[in-house]
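This report concerns only the one structure given below.
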Amino acid sequence: MASKQVTKRLLHELRSYEKDPSDALLHLGPINDEELTHWTAVLRGVEGTAYQNTYPNKPPTITFVTPICHPNVHFKTGEICLDLLKSSWSPVYSVRQTLEAVQQLLTSAEPDSPLNIDAAQLLRQGDQLGYEALVRFYTKTLRWNGE
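Residue numbers are given in our numbering: position 130 of the sequence shown equals residue 142, and the series is strictly consecutive.
Structure representation (structure tokens):
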């Protein structure tokens, strides 16, 4: 829990940003109402640099915010190991197609290129029941509640 001084300062900064948004930011604010000390920011790519307008020439950055127990998803960072988001990317893919590919990955794991070694090991050993029990446990414990 943040101290009164920290809370007051962060609320002041948030209100200040809301009154006078920065051209450098597309979004700035706390991740939710309960976590005032954890913010997300989306920076605008600077014109004339390699960071400007990289999509669709480069894939979008997609990560899970809710921890996912899956061989191809890093449990702590939410990073996704999917060829489409790396070496197989093409500008012909839409955001919708990309998100559908991520959803498909959830139903057909690739345990030979894991980011979650424990989940992958269960599948490599043929322990489908153990893997599904682990997924159900984390899904029930850490699921997103729509907030």
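Here a beta-carbon is modelled for each residue, glycine too, at the ideal position from N, C-alpha and C. What you are looking at is a predicted structure, and each value in this text was computed from that prediction instead of being measured.
Residue range of the unbroken alpha helix (DSSP H) whose run includes histidine 24 | 16-31
DSSP three-state call for leucine 40: helix, strand or coil?
-> strand
Return the Cβ separation of leucine 22 and threonine 49 in integer angstroms, given the expectation that the two are a contact with Cβ distance under 8 angstroms.
-> 7 angstroms
Distance between proline 33 and isoleucine 43 (C-alpha atoms, nearest Å) = 17 angstroms
Leaving out the 5 sequence neighbours to the left and right, which residues in its chain are closer than 8 angstroms to cysteine 81 when beta-carbon positions are compared?
-> Phe87, Asn128, Ala131, Leu146, Val147, Phe149, Tyr150 and Thr151
Is alanine 113 closer than 8 angstroms to leucine 94 when the C-beta atoms are compared?
-> yes
Report yes if the C-beta distance between threonine 52 and threonine 75 is below 8 angstroms; otherwise report no.
-> no
Less than 8 angstroms between the CB atoms is what I'm expecting for arginine 56 and leucine 40, so what's the real figure, rounded?
-> About 11 angstroms; that fails the 8 angstroms criterion.
Nearest-angstrom Cα distance between arginine 136 and proline 123?
-> 7 angstroms
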